[in-house]
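Its first residue numbered 25, the sequence shown is counted upward by one per residue in my numbering.
Yeah, the Cβ is synthetic: ideal placement off N, Cα and C, and Gly gets one too.
Every value quoted in this text rests on a predicted model; they were computed, and no experiment measured them.
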Amino acid sequence: MGITDGSGCKWVISKSVTDESDPSLSFASTPAMPCSASGYAEGSFDKLRWAVPNTYRGDTWSKTTVHPSGLMFNQALVPAVKGKALSFLNSRADQALFQVGELPARNMKVYLAFERPNYRVLSPFSSDPYYVVITADEAFALDAVELKRAVVEVYQLVKATSPTTVGLSNLFFAKNFEALYPEGYASETKDNILKTRMGENRGEFYFDARQGNNFALRREEIRMREVRRLQQQMAELHTRVLERYEQLKSGMKEFEGREAEALAQMAGIKVTFPSPIAMQDPSSSKSAVPMMIHVTGKSGDFYEVDFPRKGRVQADAELESQWYVLPAANMTPFLPLEDGRAVPTYRVYTAGAAEACKQDHCADRVSFGAVLAKEFPSAGIDFNWTPAVSQQHVIDWQQASAQIQ
């Protein structure tokens, strides 16, 4: 809210001092001075007086300087803001920031921040400033040594540019002003980095990396706890994967010479036709499931196959005399008998051209990885899995556990 004094100069004040029924407020300055080009009062005044007519409310401020921004400061703070433009003023006008410089190598902008009470009329800023640093990078706050280096550089910059304001005070690091000065009563956000203290105490520089609130470090600790939890979870899961792998490998002895078929079946690929009675069940045609087939030629509308056993398939795509793994649905119940017998017939589906297997019995399409991926879908296993992959998860957790202890 702005008001105009007897000389016609405008002043920046708060709204809370006036009543809705009588919003008048008198304001006077000594000496009376010409207004600046902006129309606002500017310069140094011996006395500033305000009052609400017909009430006891009012105050007098002595030795006050009005900054070109319209904000008022007591004389002791004038050297700190002289020649500096206002960088930020929060919505309540009780926090004012002035940039003193930058640390380009750290992508940091450093500010002196001034605070004043925000009730009644906004009084001049009179307290020593605190320090604010805005930066997009919070990595420095995760290491105590690097954090101290950064704080020392901030202190040195402040001392070089504003030597009268290097006293021990709060120091805030954040990614933006909104994190430090939110509207309403918002809690800490992900853009807060650090709150600590820095400055000269009895002529000596003071800073303790162990004090204050290191929001960035706290977030990193939470993140690392989650990483370790997931690491432990994966290690336990892959321990079971390795145990299952040993079981599968041991069971393969029964399928010597037919390992690919055994793995395919364990991976959910059909390698046999159902019984003749089951193939006549119309309900068996409702879904298509992956099936391994070996095409030997074509006769009319059908491709002849000899694996899983002698039969035929129908397909929209061209099939060669090769091995395939394709989704297949039973057509047998809906086709006429031949010589009084049902011929096993399937409809196979392809997305575009059919891709043949590169090896007999589609050995290139089946693996322990394919089987284990089906049994352990959350383990992140793919076709090319080897025991070393799971062993690495276990080793990583063992090493992480040793570091924690």
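| Asked | Found |
| --- | --- |
| Rounded to the nearest angstrom, what separates A424 and R253 at their Cα positions? | 11 angstroms |
| What separation, rounded to the nearest whole angstrom, lies between the Cα atoms of S274 and I405? | 20 angstroms |
| Mapping the DSSP letters down to three states, classify S307 as helix, strand or coil. | helix |
| Decide if the segment 390-408 is in contact with the segment 324-333; the criterion is three or more beta carbon pairs, one per stretch, under 8 angstroms apart. | no |
| Straight-line CA distance for A312 to A397? | 20 angstroms |
| State buried or exposed for V169, treating a residue as buried only when at least 16 other CB atoms are found within 10 Å of its CB. | exposed |
| Name the DSSP beta bridge partners of G236, please? | According to DSSP, which records beta bridges pairwise, G236 is partnered with nothing at all. |
| How many Å lie between Y155 and L181 at the Cα? | 11 angstroms |
| When the Cα atoms are used, what is the spatial distance from M222 to K214? | 23 angstroms |
| Do T320 and S299 have their C-beta atoms closer together than 8 angstroms? | no |
| Output the boundary residues of the beta strand (DSSP E) element that contains Q123. | Q119 to L127 |
| How is E66 classed by DSSP in three states: helix, strand or coil? | coil |
| To the nearest angstrom, report how far apart F69 and P92 are at their CA atoms. | 14 angstroms |
| Should I301 be labelled buried (16 or more other beta-carbon atoms within 10 Å of its own) or exposed? | exposed |
| Among the candidates S62, K71, F358 and A61, whose CA atom is the shortest distance from the CA of P55? | K71 |
| Tell whether a beta-carbon distance below 8 angstroms holds between A291 and V395. | yes |
| Pull up the distance between the alpha-carbon of G67 and that of E250, whole angstroms please. | 57 angstroms |
| Spatial neighbours of Y373 within its chain, please: C-beta separation below 7 angstroms, excluding the five flanking residues on both sides. | A312, L350 and P351 |
| Do L343 and A387 have their beta-carbon atoms positioned less than 8 angstroms apart in this structure? | no |
| Could you give the first and the last residue of the continuous beta strand (DSSP E) run that contains G335? | G335 to Q338 |
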